[in-house]
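Novice: Right, I'll just put the structure down here and ask away after.
Residue numbers (our numbering), protein chains in the order written: chain A, 824 to 1140; chain B, 23 to 460.
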């Protein structure tokens, strides 16, 4: 990832992922302790370019960059030249000509950052592309799981919801299977095509939430993405919640040490009941917190990389 | 069209003409734009000599499926540039699909295309008329008037007729006119806003899927309607194993059903779509390995009637976009014969006679053209190709105005050497540069 940016989990090796997670772990305590700014990325400029709405990812990336001392600017497609009919390629060429050190990009089209990475020298960090990948989400999910579980290998992870439209599910599938986790996918059949099992022999499918939850160590709920859906696929919000919403009674049947995750934003009452969202074993806010650490790690490795010396940096002066 | 210019003697070629069950070494004399004689050691002292030793001399190739973009989208292709690309690919005739701007849904547009082609295209251009007004699928276009004006077939290519009753009417009408109905078989509700073939590759890349059934459902419908109306139904760019099997069964029942396959569908699969490269985005999409295997089988066993390019030029700016925003389609006129020789003939799937049938004899029969033969007296549309010539396709040398092809840089064994239309040599290998500079 060092030169080309971070486009997805699929092309990363285990070692590369581990390197990011290790670096993120280093930033975790700092995170908890203090908001003090570091100077790792002093003099570097990061552009955050969001063609799709985002609250947490965008804020998380910006905070991560600023904590490391980078200068950041943030552009949303609303009110930008994209609205005036400029092509994506021209928009990015224009921004790249201002010589930023990286462009963090979110786009509604799958593959948009990959297309740009072929055209530009500037490293691109994918902050979510269509229904394809959301690599930093999978990294922060892994970091969160590892806060609660010793290892990913052999772990039973249930991913529940609108799998086919989920970039979070795809990035997590790549990451979890690379580390030997067992992934059980669960959702209504139209949202869970058979081909998902081709990701790895350790991936299985079920259409019943009770079955998905029964032995799970980790229960990962996905947001129902009404904006991406063919209207025919979901009969109604209440029917969806009835069959695939996570409720307290489900958790009573789950393993006592199972944790509940959600990438946010949570739609209470649509895919997860309010009580579950606030449940003690729900780690949703840990995920948000870890998001900053993971994004600091990614920016750090990408932009400052080689000259990293943890021993010196840990000591606050 | 045949003219009185100098005679042309094509010497020592291997003449492969399935229309008269001919495969052997002979000379071929062209006089006044027509085939005058075929035989050993023809003497014609006045004639221009074309040495065809080592080459195949075949009836001119006919592409049943080309988009020339004129009128209306001349930035992507014109009748002239597309015609030159066709000639450079060994084609002597192309059928021009009607989805221009305006749509070719009336005799005036048909006339315009024919006139423009006469003046500017080196190859024959046969317009295809729209089935419905504006290809909107609501009312039949004036099919009879367009037939009189010179259309060779009917199609709402790219905007398929979803209304089954309208399609039935069109077939019934077309049957009376003796004109073939070509359908781009796609149920638009099933394909929805899909981008690539439904399968693991689409799922992994997060690109919305186009199911095989979106094609199969329409092939099934059209076979039923053809059986009922008696119309000749031709499946455009057939791409799935199931559709092919339905065509096979229809033929066994003696129905007037034919089909074509594109070079990209017999060469590539959905696993080749990589890096969100929009040069791999077309409709129908590149299908699965099993589908490709079935097409190869169909090409070999006779179920597939023709190879057609679906040459669909798009300007660079249109293709240089996010995958989901880029238009569907790739160019294909200059790579079709090379791919067929390399991937079908040399790979052992078909022989030379079958290849010429697929490219020339059958396309002429499917739409009823008086071409696709080298019988004495026929218009001298002739393609010379070298099955052994090794060459690399360089898109930057293309005659087309567009560059959207996944085959740039392909090394191929076998390719066109000369294209002759009505006795005139309109293209010869090595002449690309001079014709580009004109």
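Built from N, CA and C at the ideal position, the CB exists for glycine as well.
If you're wondering where the values come from, they're calculated on a predicted model, not measured in any experiment.
Under three-state DSSP, which class holds residue 304 of chain B?
Specialist: Coil.
Novice: Determine the contact status of residue 222 of chain B and residue 850 of chain A, defining contact as a CB-CB distance below 8 Å.
Specialist: Not a contact, by the Cβ cut-off of 8 Å.
Novice: Between the region 361-379 of chain B and the region 287-303 of chain B, can you find at least three pairs of beta-carbon atoms closer than 8 Å?
Specialist: These segments touch.
Novice: Can you pull the chain B residues whose beta carbon is under 8 Å from the beta carbon of residue 937 of chain A, in chain order?
Specialist: What residue 937 of chain A touches in chain B: 297, 298.
Novice: Within 8 Å of any Cβ in chain A, is that where the Cβ of residue 293 of chain B sits?
Specialist: Not one chain A Cβ lies under 8 Å of residue 293 of chain B.
Novice: Classify residue 344 of chain B as buried or exposed, calling it buried when 16 or more other Cβ atoms lie within 10 Å of its own Cβ.
Specialist: Residue 344 of chain B is buried by the Cβ-count criterion.
Novice: Can you check DSSP and say which residues form a bridge with residue 1083 of chain A?
Specialist: DSSP, once it has assigned bridges, lists A/1042, A/1105 as partnering residue 1083 of chain A.
Novice: Is the region 82-96 of chain B touching the region 408-415 of chain B in the sense that three or more CB pairs, one from each, lie closer than 8 Å?
Specialist: The answer is no - the region 82-96 of chain B does not touch the region 408-415 of chain B, with fewer than three Cβ pairs under 8 Å.
Novice: My output table needs one value for residue 293 of chain B: the three-state DSSP class, helix, strand or coil.
Specialist: DSSP places residue 293 of chain B in helix when its eight states are reduced to three.
Novice: Provide the residue span of the alpha helix (DSSP H) that contains residue 1072 of chain A, from first to last.
Specialist: Element bounds for residue 1072 of chain A: 1071-1076.
Novice: Does residue 460 of chain B come out as helix, strand or coil in the three-state DSSP assignment?
Specialist: Confidence at residue 460 of chain B is low in this model, with a pLDDT of 34, below 50, so the placement of that residue should be treated as unreliable; the coordinate-derived value is given next. Looking at residue 460 of chain B - three-state DSSP - the assignment turns out to be coil, as it is neither helix nor strand.
Novice: Could you pull out every residue in the same chain whose Cβ sits closer than 6 Å to the Cβ of residue 455 of chain B, ignoring the five residues on either side in sequence?
Specialist: At residue 455 of chain B the pLDDT is 46, less than 50, meaning the model places this residue with poor confidence; the figure from the coordinates comes in the next sentence. Contacts found: none.
Novice: Measure from the C-beta of residue 1019 of chain A to each C-beta in chain B and report whether the shortest distance is under 8 Å.
Specialist: Cβ-Cβ to chain B under 8 Å: yes for residue 1019 of chain A.
Novice: Output needed for residue 270 of chain B: all residues of its chain with C-beta closer than 6 Å, excluding positions within five of it in sequence on either side, in chain order.
Specialist: These residues qualify, in order along the chain: 325.
Novice: Jot down the residue ranges of each uninterrupted alpha helix (DSSP H) in the region 989-1046 of chain A, minimum 4 residues, whole runs only, in chain order.
Specialist: Runs found: 990-1001, 1032-1037.
Novice: Strictly below 7 Å CB to CB, what residues from chain B border residue 943 of chain A?
Specialist: The contacting residues do not exist; residue 943 of chain A stays about 13 Å from chain B at best.
Novice: For residue 212 of chain B, report the span of its alpha helix (DSSP H) as first-last.
Specialist: Element bounds for residue 212 of chain B: 210-213.
Novice: By the criterion of Cβ-Cβ separation under 8 Å, what are the contact partners of residue 312 of chain B in chain A?
Specialist: Ordered by position in chain A, no residue passes the 8 Å Cβ test against residue 312 of chain B, which lies about 14 Å from the chain.
Novice: According to the neighbour-count rule (16 or more other Cβ atoms, all chains shown, within 10 Å of its Cβ), is residue 852 of chain A buried or exposed?
Specialist: Answer is exposed; the Cβ neighbour count stays below 16.
Novice: By Cβ distance below 6 Å, which residues in the same chain neighbour residue 918 of chain A in space, the five residues on each side in sequence not counted?
Specialist: Excluding residues within five positions, the ones whose Cβ falls inside 6 Å are 870.
Novice: Where do the ends of the alpha helix (DSSP H) carrying residue 773 of chain A lie?
Specialist: The shown model of chain A, from 824 to 1140, leaves out residue 773 of chain A, and the question about it has no answer.
Novice: Pick from B/79, B/139, B/251, B/155: whose alpha carbon is nearest that of residue 148 of chain B?
Specialist: When only C-alpha atoms are compared, the closest one is B/139.
Novice: DSSP puts residue 148 of chain B in a beta bridge; with which residues?
Specialist: Its beta-bridge partners are B/117.
Novice: Could you tell me which residues DSSP puts in a beta bridge with residue 231 of chain B?
Specialist: Partner(s): B/218.
Novice: Going by DSSP, what residue range makes up the alpha helix (DSSP H) through residue 273 of chain B?
Specialist: Run containing residue 273 of chain B: 263-274, per the alpha helix (DSSP H) assignment.
Novice: Among B/172, B/134, B/117, whose alpha-carbon lies nearest the alpha-carbon of residue 124 of chain B?
Specialist: Checked all of B/172, B/134, B/117; the closest Cα to residue 124 of chain B is B/134.
Novice: Residue 951 of chain A versus chain B: which residues are under 8 Å apart at the beta carbon?
Specialist: Per Cβ cutoff of 8 Å: no residues; residue 951 of chain A is ~10 Å from chain B at best.
Novice: Counting C-beta neighbours from all protein chains within 10 Å, is the total for residue 366 of chain B 16 or more, i.e. buried, or is it exposed?
Specialist: Burial call: buried.
Novice: Decide if residue 920 of chain A is buried, meaning its Cβ has at least 16 other Cβ atoms within 10 Å, or exposed.
Specialist: It counts as exposed.
Novice: Throw me the rounded Cβ distance for the residue 349 of chain B and residue 340 of chain B pair, which I believe falls under 8 Å.
Specialist: Going by Cβ atoms, the distance from residue 349 of chain B to residue 340 of chain B rounds to 5 Å, so yes, they are a contact pair.
Novice: Please state whether the Cβ-Cβ distance between residue 283 of chain B and residue 81 of chain B is less than 8 Å.
Specialist: Contact: no.
Novice: Using a threshold of 8 Å, state whether the C-beta atoms of residue 411 of chain B and residue 452 of chain B are closer than that.
Specialist: In this structure, residue 452 of chain B does not lie closer than 8 Å to residue 411 of chain B by Cβ.
Novice: With 9 Å as the C-beta to C-beta threshold (strictly closer), list the residues of the region 950-975 of chain A near chain B in chain order.
Specialist: Against chain B - using a Cβ distance shorter than 9 Å - the residues of the region 950-975 of chain A are 952, 953, 954, 955, 956.
Novice: Quick check on the burial criterion: 16 or more other C-beta atoms within 10 angstroms. Buried or exposed for residue 1088 of chain A?
Specialist: Under this definition residue 1088 of chain A is an exposed residue.
Novice: Under 8 Å, do residue 1033 of chain A and residue 1076 of chain A count as touching if we go by C-beta distance?
Specialist: Yes, they are a contact pair.
Novice: Under a Cβ-count criterion, where at least 16 other Cβ atoms within 10 Å of its own Cβ denotes burial, should residue 314 of chain B be classed as buried or exposed?
Specialist: Buried: at least 16 other Cβ atoms inside 10 Å.
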